[in-house]
Amino acid sequence: MSEAYIHIDRVTKRFGAVTAVDAADLKIRRGEFFSLLGPSGCGKTTLLRMIAGFDFPTDGEIFIDNNAVTAIPPNRRPSNMVFQSYAIFPHLNVFDNIAYGLRKLRLPRAELTARVEEALAMIKLSGFGMRRADELSGGQRQRVALARALVRRPKVLLLDEPLGALDKRLREAMQIELRQLQKNVGITFVFVTHDQEEALSMSDRIAVMSNGKVLQVAEPRTLYEQPNCREVADFIGTMNFFEGTVSGVQNGRIAIDAGPLGTLQATADSFASGASVLIAVRPEKISLSLAKIDSSVAGKISASAYLGERSHFNVIVEGLQEPVSVATQNVGRMGSAGLSGGETVYLSWPAEAMVILPI
Ligand SMILES: Nc1ncnc2c1ncn2[C@@H]1O[C@H](COP(=O)(O)OP(=O)(O)OP(=O)(O)O)[C@@H](O)[C@H]1O
Ligand SMILES: [Mg+2]
């Protein structure tokens with residue numbers, strides 16, 4: 039319990055017939071960069087608004103620092119929110135936009151100025167105070183919105199797709215800046231995104247949501263390497279799925295009859311002989327070879343894409359409904375970049391590359 043700085047305790051939110059958030063249970067640590075990741079409409083904004091106090095749960099409780107805040111209004115919570123469509127006042131200058139959040143505190147002028155200047159430095163816009171907000175670039179405006187939230191020194195910053203409106207390059211630069219800023223100020227960040235790469239690169243931990251439900255909460259590497267269900271595996275990166283039947287179980291290892299792929303040996307427990315399983319393998323874990331090697335599977339390249347540092351291939355294996363997706367690194371004199379289509383190749387992967395999931 040002491041680990042949970044923000045505790046979302048079995049929270050459900052219904053809007054009429056729509057269950058926007060469905061029994062979500064989350065424990066967010068103090069100082070953590072925590073992301074809510076999921077497709078459009080899965081309930082991310084609704085959950086964030088409940089943490090902020092703009093919406094109230096139909097069921098369940100929210101605790102911040104061991105205090106129940108479920109029915110407490112936003113201005114009395116230790117949190118501040120940066121909204122999905124960034125809203126700053128275009129007619130005010132940068133200084134007044136940032137100072138806006140402090141007006142109610144009735145600080146002495148000198149302290150107000152000092153705090154705004156400090157926030158400006160944090161977002162690397164020192165010297166921009168007198169600039170009108172409508173004379174800023176999209177990225178600069180986004181940073182002003184952030185500063186306006188930061189200047190109140192919240193313990194929790196809730197960010198709803200704050201980089202969504204930015205172009206790719208600016209977005210990547212802001213991702214690094216935001217992460218750096220979070221480390222420096224030590225505030226707990228709850229960050230909403232539907233961009234999996236953004237979540238993977240920035241977060242300490244991620245909750246993957248779908249249809250209002252939290253499917254898995256884990257560190258980026260674990261989510262990618264050990265997804266706990268098909269939906270998570272599918273949503274994070276690219277994944278090949280094969281079906282099979284467990285044909286033998288021994289000491290944490292199982293044999294799987296995988297039809298066209300033959301018999302596969304995998305590391306997994308909690309599967310009984312005869313169980314139907316889903317075998318998930320990432321494209322980059324599959325080796326592609328022109329020579330047949332032991333226990334490899336033959337296939338034919340049906341499509342290829344050269345992407346500079348890597349290449350992607352679709353390989354048709356007789357008996358499988360979908361082509362197998364393979365990604366290779368174009369290093370050294372490796373010839374796979376020259377493969378274009380029609381060639382017969384052999385696919386293989388190590389046992390530890392497979393994630394075995396129940397069907
Ligand atoms: N005020 C509301 N009244 C009725 N339904 C709502 C309301 N707010 C959200 N919903 C519904 O709840 C579900 C979750 O919405 P939410 O805005 O939380 O999704 P999201 O994950 O933030 O999506 P996006 O990535 O598109 O912003 C959706 O089906 C949405 O239509
Ligand atoms: Mg949203």
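Residue numbers for the sequence shown follow our numbering, so the first one is 39 and each next one is one higher.
Glycine residues also receive a C-beta, built at the ideal position from the N, C-alpha and C atoms.
Here the structure is a predicted model, which is why all the values come from computation and not from measurement.
(message) For residue 393, tell me which candidate among 271, 350 and 331 has the shortest Cα-Cα distance.
(response) Position 355 of the sequence shown holds residue 393. For residue 393, the nearest C-alpha among the options comes from 271.
(request) Mind checking who residue 64 pairs with in its DSSP beta bridge? (result) The residue given as residue 64 occupies position 26 in the sequence shown. Paired residues: 46.
(request) Please confirm whether residue 98 and residue 48 have their CB atoms less than 8 Å apart. (result) Counting from one through the sequence shown, the residue named residue 98 turns up at place 60. Counting from one through the sequence shown, the residue named residue 48 turns up at place 10. Cβ distance < 8 Å, so residue 98 and residue 48 count as in contact.
(request) Classify residue 318 as helix, strand or coil using the three-state DSSP reduction. (result) What you label residue 318 is simply residue 280 of the sequence shown in a count that begins at 1. In this structure, residue 318 counts as strand in the three-state DSSP scheme.
(request) Answer with buried or exposed for residue 360, where buried requires no fewer than 16 other C-beta atoms within 10 angstroms of its C-beta. (result) Position 322 of the sequence shown, counted from the start, is the residue given in the question as residue 360. Under this definition residue 360 is an exposed residue.
(message) Tell me the rounded alpha-carbon separation between residue 261 and residue 255.
(response) Start at 1 with the first residue of the sequence shown, and residue 261 comes out as number 223. Start at 1 with the first residue of the sequence shown, and residue 255 comes out as number 217. Those two C-alpha atoms are separated by around 8 Å.
(request) Please find out if some non-hydrogen atom of ligand 1 comes closer than 7 Å to the beta-carbon of residue 78. (result) For the purposes of this step, residue 78 is taken as residue 40 along the sequence shown, with counting starting at 1. Within the cutoff, so yes.
(request) Could you tell me whether any non-hydrogen atom of ligand 2 is closer than 7 Å to the CB of residue 83? (result) On the sequence shown, residue 83 is found 45 positions in, with the first residue counted as 1. Checking the Cβ of residue 83 against ligand 2 gives yes.
(message) Any heavy atom of ligand 2 closer than 7 Å to the beta-carbon of residue 272?
(response) As a working note, residue 272 is residue 234 in the sequence shown. Result no, Cβ not under 7 Å from ligand 2.
(request) Would you identify the three-state DSSP class for residue 52, choosing helix, strand or coil? (result) Here residue 52 is taken as the residue at index 14 of the sequence shown, counted from 1. Three-state DSSP puts residue 52 in a strand.
(message) Between residue 198 and ligand 2, is there a pair consisting of the residue's CB and a ligand heavy atom that are separated by less than 7 Å?
(response) Here residue 198 refers to the residue found at position 160 when the sequence shown is read from its first residue. Result yes, Cβ under 7 Å from ligand 2.
(message) Using the Cβ count rule (16 or more neighbours within 10 Å means buried), how would you classify residue 295?
(response) By 1-based counting over the sequence shown, the position of residue 295 is 257. For residue 295, the number of other beta carbons within 10 angstroms of its own is below 16, and it is reported as exposed.
(request) Name the residue from 60, 351, 70 and 73 whose alpha carbon lies nearest to the alpha carbon of residue 96. (result) The sequence position of residue 96 within the sequence shown is 58, counting from 1. Residue 60 is the option with its Cα nearest to residue 96.
(message) What would DSSP say about residue 39, mapped onto helix, strand or coil?
(response) Stepping through the sequence shown from its first residue, residue 39 is reached at position 1. Bear in mind that the predicted position of residue 39 carries a pLDDT of just 43, short of 50, making it unreliable; the figure below should be weighed with that in mind. Here residue 39 sits in coil by DSSP.
(message) Is the separation between the beta-carbon of residue 287 and that of residue 309 shorter than 8 Å?
(response) Walking along the sequence shown from the start, residue 287 turns up at place 249. Walking along the sequence shown from the start, residue 309 turns up at place 271. With contacts defined as CB atoms closer than 8 Å, residue 287 and residue 309 qualify as a contacting pair.
(request) Indicate the three-state DSSP secondary structure (helix, strand or coil) for residue 279 in the structure shown. (result) In the sequence shown, the residue the question calls residue 279 occupies position 241. In the structure shown, residue 279 sits in a strand (DSSP, three-state: E or B).
(request) Report buried or exposed for residue 53, applying the criterion of at least 16 other Cβ atoms within 10 angstroms of its Cβ. (result) For the purposes of this step, residue 53 is taken as residue 15 along the sequence shown, with counting starting at 1. Residue 53 comes out exposed.
(request) Using DSSP bridges, identify the partner residues of residue 210. (result) Locating residue 210 in the sequence shown gives position 172, counting from the first residue. DSSP lists no partner for residue 210.
(message) Suppose you measure from the CA of residue 80 to the CA of residue 253; what does that come to, to the nearest Å?
(response) Here residue 80 refers to the residue found at position 42 when the sequence shown is read from its first residue. Here residue 253 refers to the residue found at position 215 when the sequence shown is read from its first residue. The alpha-carbon atoms of residue 80 and residue 253 are separated by roughly 11 Å.
(request) Taking only heavy atoms of ligand 1 into account, decide whether any of them is closer than 7 Å to the Cβ of residue 53. (result) Translated into the one-based positions of the sequence shown, residue 53 becomes position 15. Yes - ligand 1 has a heavy atom lying nearer than 7 Å to the Cβ of residue 53.
(message) Would the stretch 203-213 count as touching the stretch 131-143 if we require 3 or more Cβ pairs under 8 Å?
(response) no
(request) From the DSSP output, read off the bridge partner residues of residue 200. (result) Here residue 200 refers to the residue found at position 162 when the sequence shown is read from its first residue. According to DSSP, which records beta bridges pairwise, residue 200 is partnered with nothing at all.
(message) By alpha-carbon positions, which one of 247, 192, 152 and 142 ends up nearest to residue 82?
(response) If you number the sequence shown from 1, residue 82 lands on position 44. Checking every option, the nearest Cα to that of residue 82 belongs to 247.
(message) Runs of 3 residues minimum, wholly inside the stretch 246-300: which ones carry the beta strand (DSSP E) assignment?
(response) Runs found: 251-256, 278-288 and 291-295.
(request) Rank 236, 378 and 395 by C-alpha distance to the C-alpha of residue 281 and give the top, closest one. (result) Residue mapping note: residue 281 aligns to position 243 of the sequence shown, counting from 1. Nearest option by C-alpha distance: 395.
(message) Please classify residue 107 as buried or exposed, where buried requires at least 16 other C-beta atoms within 10 Å of its C-beta.
(response) Counted from its first residue, the sequence shown places residue 107 at position 69. Taking a 10 Å sphere around the C-beta of residue 107, we find 16 or more other C-beta atoms and assign the residue as buried.
(request) Say yes only if the C-beta of residue 58 is nearer than 7 Å to one or more non-hydrogen atoms of ligand 1, and no if none qualify. (result) As a position in the sequence shown, residue 58 is number 20, starting the count at 1. It does: the Cβ of residue 58 is within 7 Å (strictly closer) of some heavy atom of ligand 1.
(request) Determine the DSSP secondary structure at residue 330, reduced to helix, strand or coil. (result) Counting from one through the sequence shown, the residue named residue 330 turns up at place 292. Three-state result, residue 330: coil.
(message) In this structure, how does DSSP classify residue 384 when only helix, strand and coil are distinguished?
(response) Looking up residue 384 in the sequence shown gives position 346. DSSP places residue 384 in the strand class (E or B) of the three-state scheme.
(request) Spell out the partners DSSP gives residue 101 in its beta bridges. (result) Here residue 101 is taken as the residue at index 63 of the sequence shown, counted from 1. Beta-bridge pairing links residue 101 to 45 and 106.
(request) Out of 327, 311, 67 and 355, state which residue places its alpha-carbon closest to the alpha-carbon of residue 193. (result) Counting from one through the sequence shown, the residue named residue 193 turns up at place 155. Nearest C-alpha to residue 193: 67.
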